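As structure tokens, the structure follows; a few thoughts come after it.
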Amino acid sequence: MISLFEVWLCLPVRYTISNLSRFGTYCEKSIRLQMEKEFDFGCFNSSLIKDNCGKHLIAAYDPTYLPKSGKHTPGLGKFWSGKDQKAVKGLEIGCLAIIDVDARTAFPLKVVQTPDKTTLDEKGMSRVDHYVDVIKSEVLALKSMVDYLAVDSYFMKQEFILPILKEGLHIVTKMRSDANLIYVYNGPRSTGPGRPRIHGDKVSCGSIDKRKIREFAVDNDAVYYSSVVWSAILKCKVRIVYIEEKVTGKYEILLCTDIELKPELILNYYQLRFQIEFLIRDAKQHGGLEECQAGSEKKLHFHFNMAFATVGLAKVLFWMKLPDQQRGAFSMRNIKMAWYNRFLTDRIFSNLPLDLNCNKIKKLYQKCLDIGNLAA
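Mapping to the UniProt record's numbering: the sequence shown position 197 is 197, numbers consecutive.
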């Protein structure tokens, strides 16, 4: 696996098994056999995160579309493509990630391919049920690191949030603009018979009552309000953060199932959710996520997880180890370029009678490593 990680990090061409063999030290057959074996990427990534990240962590989950041609690839179906803004033929994977709040970056935990509609129908499951199962499969690892799971507005669904709450994780997400919310009644209790009143009036999302939903922050772009309200969909109290733009008057509503969490943290956690998008981008652009040509379900699973694990490993080895003042923006391109330069330079220097202890040779060696380096 170490040899495979090394070649995966430096491969300058498409991520096929043939190319992995050409640049690595193992033949195609050995790589194919390795990709068919079980490797616990969840445990590997979890250990990497616990050993190198801080204690202030949150989880995030996001599915992403992968283009794929052919007819016989496992899981092939129609999935939503954000780029095309419609469902198109291909594959979908769900990425479960851990976000370091202080470092403001995401690390992969586990990647699972989404089954096609026919397979899900045979199991009597919906796609949301599958997403829930993915998170449940890593719930012990998640609960040992985080208390909150940040997801986008697609997951503002009862069938997703309630099962996750039962597992002991709180949700941070975005609500619809016409969310069904009710003010919590805090007035005097009636003395007569019957159940005491617990609900107030319905929240008019377009014009909130600012005596009940109080302002807690303001900046150049928006005013931020927060309160505890009743969610008609979830049938429980939730804390909302209401964001009102100053210029346009448009608004967004964030939700957290933990009513004790500070609104500033809810806002921060949802903004940090976007770090998972950068993680997916790096895996696609520099980890060969979209380039797998295998037709086996096990090989696909290995390839997808390897693409993400390589990005996470690169962050730990070449970025997180730097002092905060020297860290700057993370650039997977620069790391991959430097690793390829090292691979190529070592290959050339090993065939020449050069003494690496010589200062001139050392300087030349270092110059070779920095070829093609760009500012992130």
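Beta carbons are placed, not taken as given, at the ideal position from N, Cα and C, and that holds for glycine.
Small disclaimer: the values here were computed from a predicted structure and weren't measured.
{"Query": "Name, in chain order, the residues that DSSP records as bridge partners for Glu252.", "Result": "Ile243"}
{"Query": "Can you grab the Cα-Cα spacing for the pair Leu11 / Leu254, in whole Å?", "Result": "41 Å"}
{"Query": "So is Arg14 buried or exposed if we call it buried at 16+ other beta carbons inside 10 Å?", "Result": "exposed"}
{"Query": "Which stretch, first to last residue, makes up the beta strand (DSSP E) that contains Leu66?", "Result": "Leu57 to Pro67"}
{"Query": "Determine which residues share a DSSP beta bridge with Leu96 and list them.", "Result": "Tyr61 and Lys110"}
{"Query": "Are the C-beta of Ala222 and some C-beta of chain D separated by less than 9 Å?", "Result": "Judged by its chain identifiers, the structure shown contains no chain D, having just a single protein chain."}
{"Query": "Please determine, among Gly24, Lys284 and Asp51, the residue with the shortest C-alpha to C-alpha distance to Met145.", "Result": "Asp51"}
{"Query": "If I measure Cβ to Cβ from residue 379 and keep anything under 8 Å in the same chain, skipping five residues before and after, which residues do I get?", "Result": "There is simply no residue 379 to check, as the chain begins at 1 and stops at 376 in what is shown."}
{"Query": "By Cβ distance below 7 Å, which residues in the same chain neighbour Ala376 in space, the five residues on each side in sequence not counted?", "Result": "Because the pLDDT of Ala376 is 48, which lies under 50, any placement of that residue in the model is unreliable, and the number read from its coordinates should be weighed accordingly. Excluding positions up to five away in sequence, the list reads Gly328, Ala329, Phe330, Ser331 and Asn334."}
{"Query": "Per the contact definition of three or more C-beta pairs closer than 8 Å, is the region 31 to 48 in contact with the region 245 to 264?", "Result": "no"}
{"Query": "Helix, strand or coil, according to DSSP, for Ala376 in the structure here?", "Result": "Note that Ala376 scores a pLDDT of 48, beneath 50, so its modelled location is shaky and nothing firm can be said."}
{"Query": "If you compare alpha carbons, which of Lys117, Asp102 and Asp84 is closest to Leu76?", "Result": "Lys117"}
{"Query": "Taking the Cβ atom as the reference point for each residue, do Ala309 and Pro108 lie within a distance shorter than 9 Å?", "Result": "yes"}
{"Query": "Quick one: using the 10 Å Cβ neighbour count with 16 as the cut-off for buried, is Cys358 buried or exposed?", "Result": "exposed"}
{"Query": "Rounded to whole angstroms, what's the CA-CA distance from Gly90 to Leu20? Just pull it up for me.", "Result": "24 Å"}
{"Query": "Val132 lies in the alpha helix (DSSP H); which residues open and close that run?", "Result": "Arg127 to Ser137"}
{"Query": "The beta strand (DSSP E) with His170 in it runs from where to where?", "Result": "His170 to Lys174"}
{"Query": "When the Cα of Lys336 is compared with those of Val184, Gly168, Asp324 and Ala307, which residue comes out closest?", "Result": "Ala307"}
{"Query": "Which runs of the alpha helix (DSSP H) spanning at least 4 residues fall entirely within the region 259 to 336, listed in chain order?", "Result": "263 to 272, 275 to 286, 297 to 315 and 324 to 327"}
{"Query": "Between the C-alpha atoms of Thr64 and Thr114, what's the straight-line distance to the nearest angstrom?", "Result": "10 Å"}
{"Query": "Quick check: the Cα distance between Val151 and Phe343, rounded to an integer number of angstroms?", "Result": "39 Å"}
{"Query": "Within a Cβ cutoff of 7 Å, which residues of the same chain sit near Phe160, ignoring the five residues on either side of it in sequence?", "Result": "Val128, Tyr131 and Val132"}
{"Query": "Over the uninterrupted alpha helix (DSSP H) stretch that includes Val7, give me the two end residues.", "Result": "Ile2 to Cys10"}
{"Query": "Mind checking Asn351: buried by the 16 CB within 10 Å criterion, or exposed?", "Result": "exposed"}
{"Query": "Can you tell me whether Thr25 is helix, strand or coil according to DSSP?", "Result": "coil"}
{"Query": "Figure out for me which residue from Lys212, Lys246, Phe274 and Lys210 has the closest Cα to the Cα of Asn220.", "Result": "Lys246"}
{"Query": "Mapping the DSSP letters down to three states, classify Thr257 as helix, strand or coil.", "Result": "coil"}
{"Query": "Report buried or exposed for Asn305, applying the criterion of at least 16 other Cβ atoms within 10 angstroms of its Cβ.", "Result": "buried"}
{"Query": "Run through DSSP, which three-state label would Ile182 get?", "Result": "strand"}
{"Query": "Just how far apart, CA to CA, sit Tyr225 and Ser30?", "Result": "58 Å"}
{"Query": "Buried or exposed: which applies to Asp201, given that a residue is buried once 16 or more other Cβ atoms fall within 10 Å of its Cβ?", "Result": "exposed"}
{"Query": "Take Tyr154 as the anchor and find which of Ala314, Tyr61, Tyr269 and Cys53 has the nearest alpha-carbon.", "Result": "Tyr61"}
{"Query": "Within 8 Å, do at least three Cβ pairs link the region 181 to 189 to the region 227 to 240?", "Result": "yes"}
{"Query": "Under a three-way DSSP split, which group does Ser153 fall into?", "Result": "helix"}
{"Query": "If Tyr251 and Ile240 are in contact, beta carbons under 8 Å, what's the gap, nearest whole angstrom?", "Result": "Rounded, the Cβ-Cβ distance is 11 Å, inconsistent with contact."}
{"Query": "Hey, Leu272 and Ile58: beta-carbon distance below 9 Å or not?", "Result": "yes"}
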